[in-house]
Amino acid sequence: MLELLSAQPSLLISLAVVLGLLIGSFLNVVIHRVPIMLEREWREQCAWLDGNEPAAAQAAPYDLVKPRSACPHCGHPITWYENIPILSWLVLRGRCSACAMAISPRYPVVEALTGLLFGYVAWRWGATWATPAICLLLASLIALAFIDLDTRLLPDNITLPLAWAGLLFNLEGGLVPLPEAVIGAIAGYLSLWSVYHLFKLITGKEGMGFGDFKLLAALGAWMGWKMLLPILLAASTVGAMVGISLILFAGHDRAKPIPFGPWLVLGGLIALFWGDELLRFWLG
32 MLELLSAQPS LLISLAVVLG LLIGSFLNVV IHRVPIMLER EWREQCAWLD GNEPAAAQAA
92 PYDLVKPRSA CPHCGHPITW YENIPILSWL VLRGRCSACA MAISPRYPVV EALTGLLFGY
152 VAWRWGATWA TPAICLLLAS LIALAFIDLD TRLLPDNITL PLAWAGLLFN LEGGLVPLPE
212 AVIGAIAGYL SLWSVYHLFK LITGKEGMGF GDFKLLAALG AWMGWKMLLP ILLAASTVGA
272 MVGISLILFA GHDRAKPIPF GPWLVLGGLI ALFWGDELLR FWLG
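Letter 129 of the sequence shown, counting from 1, is numbered 160 in the numbering used here, and no numbers are missing.
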């Protein structure tokens, strides 16, 4: 199979794009449901600590599979032909077939973004074991970015397995030698941890969440310590530009925090695809 895909790069890229579209559709479920699942879990734990029977224990199952996807406005169950990536949204003109309420364009955006990135990875790394591994990394990063945009949360049940997966992938030098990956994970966590505590010491406020530390640790585990500086520079630059633009042109409240996770994800993508070129440029 690998020989066939190696001989037919266009077939490999096409398969990667289709798989990316399908996984992108699933990522929309992850982005929507994981924060709700976490909140239900926290409420259940609080109820147990208070000595009460948690309401979630008596409720219907709620996870990434159950209940079936439905319109949030009218409860219309989504049929299989209404769930075809991008195409269904276009055919339905971005509206529910039952109540005609608008369906967010973010759904096809996530699907298209995942498909394009998977296709690029297949073109870049070809028919090697690096391709599915890096696609797993990208899918996780996309989910984390959009969850953080919605809720300002970077769930441990995604960031921590992602960090371990990066170390495992680099066990035999997947992207970088294992020592660079281990140092990258440690330095990634400690760098933002230090910034957090220094900022809190000076201002008395929390400048970021602990999830940002873990996300940068995961990126360091995948790409090594040398890529931490490009990641942080790209994330800080783009994040600052977006934040200033929101304050100046969109009336964003300066006291309201802006998620840093999406910009770390963007910095990670830049470092993954063009990090070596950036390092050579900066180092002359």
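For every residue, glycine included, the Cβ atom is placed at its ideal position computed from N, Cα and C.
ask   = In chain order, what residues of the same chain have a beta carbon less than 7 Å from the beta carbon of Leu297, not counting five sequence neighbours either side?
value = Result list for Leu297: Ala265, Ala266 and Val269, in chain order.
task = Taking 8 Å as the threshold, find out whether the stretch 136-153 comes into contact with the stretch 50-65 through three or more Cβ pairs.
result = The stretch 136-153 vs the stretch 50-65: in contact.
Bridge-paired residues (DSSP) for Pro103 = Beta-bridge pairing links Pro103 to no other residue.
ask   = So, do the stretch 179-192 and the stretch 237-246 have three or more beta carbon pairs nearer to each other than 8 Å?
value = The answer is yes - the stretch 237-246 touches the stretch 179-192, with three or more Cβ pairs under 8 Å.
query = Given that a residue counts as buried once 16 or more other Cβ atoms are within 10 Å of its Cβ, and exposed if not, what is Met272?
reply = When all chains shown are included, Met272 counts as exposed.
request  = Excluding the 5 residues preceding and the 5 following Trp154 in the sequence, name in chain order all residues of the same chain whose CB lies nearer than 6 Å to its CB.
outcome  = Hits under 6 Å: Ile44.
ask   = Do the stretch 289-296 and the stretch 162-179 touch if we need at least three Cβ pairs shorter than 8 Å?
value = Between the stretch 289-296 and the stretch 162-179 there are three or more inter-stretch CB-CB distances shorter than 8 Å, so the stretches are counted as touching.
request  = Compute the Euclidean distance between the alpha carbons of Leu185 and Ile214, then round it to the nearest angstrom.
outcome  = Rounded to whole angstroms, Leu185 and Ile214 show a C-alpha spacing of 22 Å.
For Arg64, three-class secondary structure by DSSP = Correct three-state label for Arg64: helix.
key: Arg124 versus Glu113 - alpha carbon distance   = The alpha-carbon atoms of Arg124 and Glu113 are separated by roughly 11 Å.
message = Excluding the 5 residues flanking Leu180 on each side, which residues of the same chain have their C-beta closer than 7 Å to its C-beta?
response = Pro290 and Pro293, listed in sequence order.
task = Can you tell me which of the three DSSP states Arg71 falls into?
result = Looking at Arg71 - three-state DSSP - the assignment turns out to be helix.
inquiry  = Can you look up Ala196 in the DSSP assignment and give me helix, strand or coil?
reply    = If DSSP states are grouped into helix, strand and coil, Ala196 belongs with the helices.
request  = Run the CB neighbour count on Phe177, radius 10 Å, all protein chains shown included, and call it buried at 16 or more, exposed below.
outcome  = Around the beta carbon of Phe177, 16 or more other beta carbons lie within 10 angstroms, which makes this residue buried.
query = Roughly how far, in whole angstroms, is the beta-carbon of Gly55 from the beta-carbon of Pro116, given that I think they are within contact range, below 8 Å?
reply = Gly55 to Pro116, Cβ: 6 Å. Contact.
task = Leaving aside the five residues before and after Trp195 along the sequence, list all residues of the same chain whose C-beta is less than 8 Å from its C-beta, in chain order.
result = Shown here for Trp195: same chain residues with a beta carbon closer than 8 Å to its own, the five before and five after excluded, namely Ala252 in chain order.
C-alpha distance - Pro92 paired with Trp305, whole-angstrom precision = Their Cα atoms are separated by approximately 43 Å.
query = Which one or two residues does DSSP pair with Ala133 in a beta bridge?
reply = Beta-bridge partners of Ala133 (DSSP): Arg126.
ask   = Would DSSP call Pro163 helix, strand or coil?
value = DSSP places Pro163 in helix when its eight states are reduced to three.
request  = Mind reading off the beta-carbon distance from Phe200 to Ala164? Whole number of angstroms is fine, and I expect it under 8 Å.
outcome  = Rounded, the Cβ-Cβ distance is 5 Å, consistent with contact.
message = Excluding the 5 residues flanking Gly238 on each side, which residues of the same chain have their C-beta closer than 8 Å to its C-beta?
response = Answer for Gly238: Val226, Tyr227, Phe230 and Lys231, listed in chain order.
ask   = Taking just the CA atoms, how far does Pro288 sit from Gly282?
value = Spanning the two alpha carbons is a distance of roughly 13 Å.
ask   = By how many angstroms is the C-alpha of Leu223 removed from the C-alpha of Gly235?
value = Roughly 16 Å separates the two Cα atoms.
ask   = Got a sec, what are the start and stop residues for the alpha helix (DSSP H) Lys231 sits in?
value = Note, Lys231: alpha helix (DSSP H), Leu209 to Thr234.
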